[in-house]
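In the working numbering, the protein residues as written are 1 to 275.
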C-alpha cells in the first residue's frame, strides 16, 4: 500500500496507457476502477478490477458514476479512491487556421474539460482522505507546440497550467497533483487520431507529411507499459514532482527547451516534422 491507499480510478482505461496502468496496478494488488466510453475490455479481468461505462463529457453521468465508484470502493475496502489517473483523450491533426471549430471544441471537451468534470466530483471525496493524488496524462506536446497538432498541444498546455494550480490549492488538504509528460508511445492513439485537413487546404502537403511522421514516431516509440511504470512510481511517493517526463530522450529534449532560445527550438521542431 502506498501513501494514498490502494484504490485507483483510471479514465480511458480500456486501451493504451490507461489499460497498461490498469493491469500493472491490478497485478500489484490494488483495487482498480476503470472508466471509458466503451465500458468493456475484450479479456477476462481479475476480481479487483471494476469497469464502468462513462463518457467524461457528460457531467451528469460523471457525477453519478463517481458517486457509485466511491460507494463501491468504501464497501469493498473501507476507504474511497486515493489516486485518479486521467488517460482519456484523443488527438486531432490539422492546421491551426482551417481545422473546423466544432472539432476543436470536441478536442477540448474531452482532453481538458473532461478532466475538470471528473475532478470536480471526485475531489470532495479525496479531500476527506487528507492524502490523495491526481495524475494527469500530459504530453511533451504540452511543453513544445507541434505543427499540425496546435489544438491537441493547446489542451496539453492547459493541463499543465491547471495541474500546477490544483497542486498549490490542494496542498492544505494533502492533495498532490502531477503531470506525466509522455513522448511517442506505441498505442491505438495513432490509429484513432482524426485528420482534419479540408479538401483544397493550402496546408495539405505539409499537413499530410507531418501526420505521417507523427505516426511513424509514435509506432516506433515506447510501449505503454513503460509509462504505466512511471505512474506506479508516482503513486508510491508521498511528495511526487509537479511533472515527470518519460524516457531519457524526452527528459533531455525538455531540458534543451529550457536552455535554448525559443527561435531555435521552433526551428528544430519545424525541421523534424515539415521537411
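Glycine included, C-beta positions come from ideal geometry on N, C-alpha and C. On a predicted model such as this, the values are computed, not experimentally measured, just so you know.
Applying the 10 Å Cβ sphere with the 16-neighbour rule, what's the burial state of residue 236? Around the beta-carbon of residue 236, fewer than 16 other beta-carbon atoms lie within 10 Å, marking it exposed.
Ordered along the chain, which non-local residues of its own chain (more than five positions away) have a Cβ less than 7 Å from that of residue 55? 37 and 61
Which residues in the same chain as residue 257 place their Cβ atom closer than 8 Å to its Cβ, once the five residues preceding and following it in sequence are excluded? The answer, listed in chain order, is 143, 144 and 265.
Cβ neighbours of residue 31 in the same chain (closer than 7 Å, five flanking residues each side left out): 6, 7, 48, 73, 76 and 77
Go through the segment 165-204 residue by residue and report every complete run of the beta strand (DSSP E) that reaches 3 residues or more, in order. Counting only runs of 3 or more, we get 175-181.
Do the segment 106-126 and the segment 89-98 meet, that is, are 3 or more Cβ pairs less than 8 Å apart? yes
Could you check which residue in 46, 137 and 4 has the C-alpha nearest to that of residue 11? 137
Alpha carbon to alpha carbon, how far is residue 107 from residue 121? Give it in angstroms, no decimals. Between the alpha carbons of residue 121 and residue 107 lies a gap of roughly 21 Å.
Three or more C-beta pairs below 8 Å linking the segment 192-204 and the segment 127-137: no
What number of angstroms, rounded off, separates the C-alpha of residue 127 from the C-alpha of residue 83? 11 Å
Among 164, 272, 162 and 170, which residue has its Cα nearest to the Cα of residue 212? 272
Put residue 114 into one of helix, strand or coil per three-state DSSP. Three-state DSSP puts residue 114 in a helix.
Going by DSSP, what residues sit across from residue 7 in a beta bridge? Bridge pairing for residue 7: 31 [DSSP].
Sorted by chain position, which residues of the same chain lie with C-beta nearer than 7 Å to residue 2's C-beta, five sequence neighbours on each side aside? Sequence-distant Cβ neighbours of residue 2 in its own chain, meaning closer than 7 Å and more than five residues away, are 235 and 236.
Looking at the strands, I want to know which residues DSSP matches up with residue 36. 53.
Could you give the residue range of the alpha helix (DSSP H) that holds residue 238? Taken as a continuous stretch (DSSP letters only), residue 238 belongs to no alpha helix (DSSP H), as it is neither H nor E.
Spatial neighbours of residue 253 in its chain, beta-carbon cut-off 7 Å, leaving aside the 5 residues before and after: 140
Would you report the Cα separation of residue 261 and residue 178, rounded to the nearest angstrom? 26 Å
Nearest by alpha-carbon distance to residue 125: which of 224, 222, 63 and 247 is it? 63
What first and last residue would you give for the alpha helix (DSSP H) that runs through residue 67? 59-77
Per DSSP, residue 2 is paired with what? 5
Quick check: residue 35 and residue 17, are their CB atoms within less than 9 Å of each other? no
Could you check what DSSP says for residue 260 in three-state terms: helix, strand or coil? coil
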